[in-house]
Amino acid sequence: MTPEQNPATENNRTAEAIMRFPWTHGVLVCKPENGRGTEKRRIRLRKIRAVRNACGGKTCAAQEFSVQTEEITGRKAMHRNYRPQEFARLLEETLIPACAAGEFFAGGEILSLKKNRRGRVTLLKTRNRQTDTEERRGTEERNREKKRILSAERPAPFLTDLGILTADGKPAAPMTRKYKQINRFLEFIRDLLPAIRRTAEKNGIFRIVDFGCGKSYLTFAVHHFLRTGCGIPADVTGVDQKQDVMETCAVLAEKYGCTDSLHFRYGSIEDFPEDAHPDTAPDMVIALHACDTATDAALAKAVRSGCGIILSVPCCQHEADAQLTANLSAGTVPPQLMPLLRHGLLRERAASLFTDSLRAEFLCACGYQVQMLEFTGLEHTAKNILIRAVKHPHSGNTPDIKKQKAYQSYILMRDFLHLSPALERLLPDRKTKGRDG
Numbered sequence: 001m002t003p004e005q006n007p008a009t010e011n012n013r014t015a016e017a018i019m020r021f022p023w024t025h026g027v028l029v030c031k032p033e034n035g036r037g038t039e040k041r042r043i044r045l046r047k048i049r050a051v052r053n054a055c056g057g058k059t060c061a062a063q064e065f066s067v068q069t070e071e072i073t074g075r076k077a078m079h080r081n082y083r084p085q086e087f088a089r090l091l092e093e094t095l096i097p098a099c100a101a102g103e104f105f106a107g108g109e110i111l112s113l114k115k116n117r118r119g120r121v122t123l124l125k126t127r128n129r130q131t132d133t134e135e136r137r138g139t140e141e142r143n144r145e146k147k148r149i150l151s152a153e154r155p156a157p158f159l160t161d162l163g164i165l166t167a168d169g170k171p172a173a174p175m176t177r178k179y180k181q182i183n184r185f186l187e188f189i190r191d192l193l194p195a196i197r198r199t200a201e202k203n204g205i206f207r208i209v210d211f212g213c214g215k216s217y218l219t220f221a222v223h224h225f226l227r228t229g230c231g232i233p234a235d236v237t238g239v240d241q242k243q244d245v246m247e248t249c250a251v252l253a254e255k256y257g258c259t260d261s262l263h264f265r266y267g268s269i270e271d272f273p274e275d276a277h278p279d280t281a282p283d284m285v286i287a288l289h290a291c292d293t294a295t296d297a298a299l300a301k302a303v304r305s306g307c308g309i310i311l312s313v314p315c316c317q318h319e320a321d322a323q324l325t326a327n328l329s330a331g332t333v334p335p336q337l338m339p340l341l342r343h344g345l346l347r348e349r350a351a352s353l354f355t356d357s358l359r360a361e362f363l364c365a366c367g368y369q370v371q372m373l374e375f376t377g378l379e380h381t382a383k384n385i386l387i388r389a390v391k392h393p394h395s396g397n398t399p400d401i402k403k404q405k406a407y408q409s410y411i412l413m414r415d416f417l418h419l420s421p422a423l424e425r426l427l428p429d430r431k432t433k434g435r436d437g
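Counted the way full-length UniProt numbering counts, the sequence shown spans residues 1 to 437.
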């Protein structure tokens, strides 16, 4: 037997290689101790900071860490701490001879220990794929942050006043989801920039109404993005029924000197004046999380005004849920849907999908091209369906057969479900007024 084949020599070299590798934690799979039992032992390892020792009150270079082993026996976890020299000796004399396999982790690398049937030990260094994935995810997140319309690199001071960003331009912890939602909404508007620019060039202005604007995070963001970011002469009006909130937003608009193009109006959606004249009617209507039939009120206002672009993220659908519940009691629910609608939770979710489907078909019947898009991931909000409706160019000349097919599709679904949607009641003649007849 040559020195290289000597198990003691091989164990010594293996132990030295392991100690040189800058691992922080690891695991060893060893044979049962003293041959007792058949279950292999798993020993977890981790480096911990060394306590101050006798080196003049300082930690010696050779004693910068200690190694803690953890072995689970039954329901007990046995922990032991070793100095580096002690652990190296433990590796060489006890653990490596008994070890069947092991892994030592150091950031992006893994040192794997394998032993063949003859007891020969092999050490193999590989990349840590999990770390690579985490680094890649981190890089992707940073890239997304760089691509975000509103970011630290492209500051929007009003977001600090509104509590979305901190003073150094980073998202405030409680508002991270809201920050991402705002950026996501602006992406949908960015997709429509060619149409927005055409309208602005034609009319000299691009008018937007944000119904149910609340604290106006989105209202300010849209105004900032179009005017400052894109150079489009946007005129934005936020509408909400909370008078004190509207007054606060108006003060903030005055602070940033944009009261000539950013307005806030106290009142309901229904009370907002309708105007289909091309010089004063809105070119875009926004309704983010307008509750229940408030979404329908906003959609109806947009259609009657001949609005070219509608962006709406509906909220709860109490009306449809109540109608389905009543139908269930009256026995008018289609038997095919009984397995779905007899369960309250499923009925509530189905009501939302039925309502948005009917809204989409009805808007198509009014001459709009409609897309149902994911607003944000479900981890941010369950209200994550965005209705994007863009009016057909010259929709007054859109073949009636297309509108009629959409309306027939709407009627079939409405009657099958025995529903009476608010949008149809608000637009009984399905005709748009004003710009496109």
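C-beta: ideal position from N, C-alpha, C; glycine also.
Sequence-distant residues of the same chain with beta carbon closer than 6 Å to residue i, five excluded per side
| i | result |
| --- | --- |
| Phe272 | Val239 |
| Ala250 | Phe264 |
| Pro22 | Ala106 |
| His418 | Asn327, Thr332 |
| Pro421 | Leu358 |
| Leu346 | Leu340 |
| Arg207 | Asp235, Pro282, Asp283 |
| Ala62 | Note that Ala62 scores a pLDDT of 44, beneath 50, so its modelled location is shaky and nothing firm can be said. |
| Cys60 | Because the pLDDT of Cys60 is 46, which lies under 50, any placement of that residue in the model is unreliable, and the number read from its coordinates should be weighed accordingly. Same-chain partners within the cutoff: there are none. |
| Arg46 | His25, Gln68 |
Opening and closing residue of the alpha helix (DSSP H) in which residue i lies
| i | result |
| --- | --- |
| Asp168 | No alpha helix (DSSP H) holds Asp168; DSSP gives it neither H nor E. |
| Met19 | 7–20 |
| Lys301 | 294–304 |
| Tyr217 | 217–224 |
| Ala389 | Looking at the DSSP string, Ala389 is not in any alpha helix (DSSP H); the run it does join, the beta strand (DSSP E), is 385–391. |
| Glu361 | 344–365 |
| Asp321 | 318–330 |
| Asp271 | Where Asp271 is concerned, there is no enclosing alpha helix (DSSP H), given that its DSSP letter is neither H nor E. |
| Arg89 | 84–90 |
| Leu159 | 158–161 |
| Arg198 | 193–203 |
| Leu341 | 338–341 |
| Leu423 | 422–426 |
For residue i: DSSP bridge partner residues
| i | result |
| --- | --- |
| Ala250 | Answer is none; Ala250 lacks a bridge partner. |
| Glu103 | Val27, Ser112 |
| Gly238 | Asp210, Phe264 |
| Met284 | Ile208, Ile309 |
| His79 | Glu70 |
| Ile401 | Answer by DSSP bridge pairing: none, since Ile401 is not bridged. |
| Phe188 | Beta-bridge pairing links Phe188 to no other residue. |
| Arg41 | Cys30 |
Buried or exposed by the 16-neighbour rule on C-beta atoms within 10 Å, applied to residue i
| i | result |
| --- | --- |
| Asp400 | exposed |
| Leu412 | exposed |
| Ala15 | buried |
| Asp356 | buried |
| residue 444 | Residue 444 cannot be examined here, being either before or after the span of the chain that is shown, 1 to 437. |
| Lys58 | At Lys58, the pLDDT of 46 sits below 50, so the modelled position is not reliable and the matter cannot be decided from this model. |
| Ile11 | Looking at the sequence shown, residue 11 is not Ile but Asn. So Asn11 ends up on the buried side. |
| Ala54 | Confidence at Ala54 is low in this model, with a pLDDT of 39, below 50, so the placement of that residue is unreliable and no value is reported for it. |
| Ala350 | buried |
| Leu330 | The identity of residue 330 in the sequence shown is Ala, whereas the question assumes Leu. Ala330 is exposed by the Cβ-count criterion. |
| Glu424 | buried |
| Glu379 | Note that Glu379 has pLDDT 44, beneath the 50 cutoff, so the model's placement of it is unreliable and the number below is only indicative. The residue is exposed, with fewer than 16 neighbouring Cβ atoms inside 10 Å. |
| Lys402 | exposed |
| Ser353 | One detail in the question is off: residue 353 reads as Leu in this sequence, not Ser. By the 10 Å Cβ count, Leu353 comes out exposed. |
| Gly257 | exposed |
Chain-order list of residues whose beta-carbon lies under 7 Å from that of residue i (same chain, five-residue window excluded)
| i | result |
| --- | --- |
| Thr293 | Glu319, Ala422 |
| Pro334 | Phe416 |
| Glu219 | The identity of residue 219 in the sequence shown is Thr, whereas the question assumes Glu. Answer for Thr219: Asp210, Cys213, Val236, Gly238, listed in chain order. |
| Ile48 | Phe65, Ser66, Gln68 |
| Ile232 | Ile196, Arg197, Ala200, Phe206, Leu226 |
| Glu270 | Ala297 |
Close Cβ partners of residue i (< 8 Å) along its chain, the five nearest in sequence each way excluded
| i | result |
| --- | --- |
| Pro116 | For the record, residue 116 in the displayed sequence is Asn; it is not Pro. Thr122. |
| Pro428 | none |
| Pro97 | Pro7, Asn11 |
| Gly119 | Pro7 |
| Glu103 | Gly26, Val27, Ile110, Leu111, Ser112, Leu113 |
| Leu162 | Lys215, Ser216, Tyr217, Phe220, Leu252 |
| Glu374 | Asn384, Ile385, Leu386 |
| Lys242 | Gly214, Tyr266 |
Host beta strand (DSSP E) of residue i (start-end)
| i | result |
| --- | --- |
| Val121 | 121–127 |
| Tyr368 | 368–374 |
Minimum Cβ-Cβ distance from residue i to chain D less than 8 Å
| i | result |
| --- | --- |
| Ala302 | Reference to chain D is not applicable here, since this structure consists of a single protein chain. |
(message) Any contact between the segment 309–316 and the segment 403–423? By contact I mean 3 or more CB pairs, one from each, below 8 Å.
(response) With the cut-off at 8 Å, the segment 309–316 and the segment 403–423 do not touch.
(message) I'd like to know if the segment 293–311 and the segment 216–224 are in contact, where contact means that at least 3 CB-CB pairs between them fall below 8 Å.
(response) Taking a contact to require three or more Cβ pairs closer than 8 Å, the segment 293–311 and the segment 216–224 do not qualify as touching.
(message) Under 8 Å, with one C-beta from each stretch per pair, do the segment 191–198 and the segment 155–174 reach the 3-pair mark?
(response) Fewer than three Cβ pairs drawn from the segment 191–198 and the segment 155–174 lie within less than 8 Å of each other, which leaves the two stretches out of contact.
(message) Using a Cβ distance threshold of 8 Å, determine whether the segment 174–187 contacts the segment 119–128, with at least three qualifying pairs required.
(response) Counting Cβ pairs under 8 Å, fewer than three are found: no touch.
(message) So, does the segment 171–178 touch the segment 196–207, judging by three or more C-beta pairs under 8 Å?
(response) Contact fails between the segment 171–178 and the segment 196–207, because fewer than three Cβ pairs, one in each stretch, are under 8 Å apart.
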